[in-house]
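Numbers 2 to 211, taken from the numbering used here, label the letters of the sequence shown in order. Cβ coordinates follow ideal geometry from the N, Cα and C atoms, glycine included. Below: the structure, in structure tokens.
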Amino acid sequence: MDEKLHVLDHPLIQHKLSIMRDKETSVKEFRELASEVAMLMCYEATRDLPVEKVDVETPIGLAKVNKIAGKKMAVVPILRAGLGMVDGIIELVPSVKVGHIGLYRDPQTLEPVKYYCKMPKDIAERDVLITDPMLATGGSATAAISFIKEYGCRSIKLMCILAAPEGVKRIRADHPDVDIYVAAIDEKLNDHGYIVPGLGDAGDRIFGTK
Numbered sequence: 002m003d004e005k006l007h008v009l010d011h012p013l014i015q016h017k018l019s020i021m022r023d024k025e026t027s028v029k030e031f032r033e034l035a036s037e038v039a040m041l042m043c044y045e046a047t048r049d050l051p052v053e054k055v056d057v058e059t060p061i062g063l064a065k066v067n068k069i070a071g072k073k074m075a076v077v078p079i080l081r082a083g084l085g086m087v088d089g090i091i092e093l094v095p096s097v098k099v100g101h102i103g104l105y106r107d108p109q110t111l112e113p114v115k116y117y118c119k120m121p122k123d124i125a126e127r128d129v130l131i132t133d134p135m136l137a138t139g140g141s142a143t144a145a146i147s148f149i150k151e152y153g154c155r156s157i158k159l160m161c162i163l164a165a166p167e168g169v170k171r172i173r174a175d176h177p178d179v180d181i182y183v184a185a186i187d188e189k190l191n192d193h194g195y196i197v198p199g200l201g202d203a204g205d206r207i208f209g210t211k
């Protein structure tokens, strides 16, 4: 078992994903579910945050409790579909800072090209969570990870709702140091690069553009 690959089989995540897959699910509901699934996945992806013991005065007495030990987080959505996962993470971790990265595929070389990138100034000091609902070929995700590493980031996790085996294999080959969090790994990619059975185009379904 690959210890860097985390398939989150929590019943709440799986139930919400089942509704997202349904082609009859409305844009409003799909958008809300993407945010909710991201929040639940973030709960799992932050399980390894370090804690420290502190004293807290309760109404009854003194309690020794655990608090997060000063770790800073950043979430970086891959535009545009990755934006649909950000609000759920912010709701869970209100102090998180948000960077953005936009990529397009060069029609000649077919390689991802960065057209927009805006990061928090202290991004290198933060644990970075990259979000993109679909990990298909892995081309955009591996490029985004490479670009973020150029800022000096050492702690990077990739969080996707659905993945194809091809995308997982690409990330594991290109970035073996990066943990991957997914709700499910589907069967394959079809000839058009869509995950099968998948849930369609996540960006279109989040933003109602189809």
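S147 sits exposed, since fewer than 16 C-beta atoms from the chains shown fall within 10 Å of its C-beta. The beta carbon of P78 sits closer than 6 Å to those of L84, V87, T132, all from its chain and outside the five residues before and after it, given in chain order.
Within 10 angstroms of the beta-carbon of D192 lie fewer than 16 other beta-carbons, which makes it exposed. Distances from the CA of Y182 to each of L200, L34, C43 were compared; the closest alpha carbon is that of C43.
No Cβ-Cβ contact shorter than 7 Å links L80 with G100. D175 and A145 have their C-alpha atoms roughly 12 Å apart.
Residue pairing for E53: DSSP places it in a beta bridge opposite K68. The beta-carbon separation of M160 and A46, rounded to 6 Å, stays under the 8 Å limit for a contact. M74 is the residue among R32, C118, M74 whose C-alpha sits nearest the C-alpha of L130. Assigned with DSSP and collapsed to three states, E188 falls in coil, not helix or strand. Here the alpha carbons of I172 and L6 stand approximately 10 Å from one another.
Between S36 and G89, the C-beta spacing is below 7 Å. Membership of D10 in any alpha helix (DSSP H) is not indicated, and neither H nor E is assigned to it by DSSP. Restricted to the region 135 to 178, the beta strand (DSSP E) segments that are unbroken, complete and at least 3 residues in length are 157 to 164, listed in chain order. DSSP, read as helix, strand or coil, puts Y44 in helix.
Annotation for A75: the continuous beta strand (DSSP E) segment containing it runs 74 to 80. K119 sits exposed, since fewer than 16 C-beta atoms from the chains shown fall within 10 Å of its C-beta.
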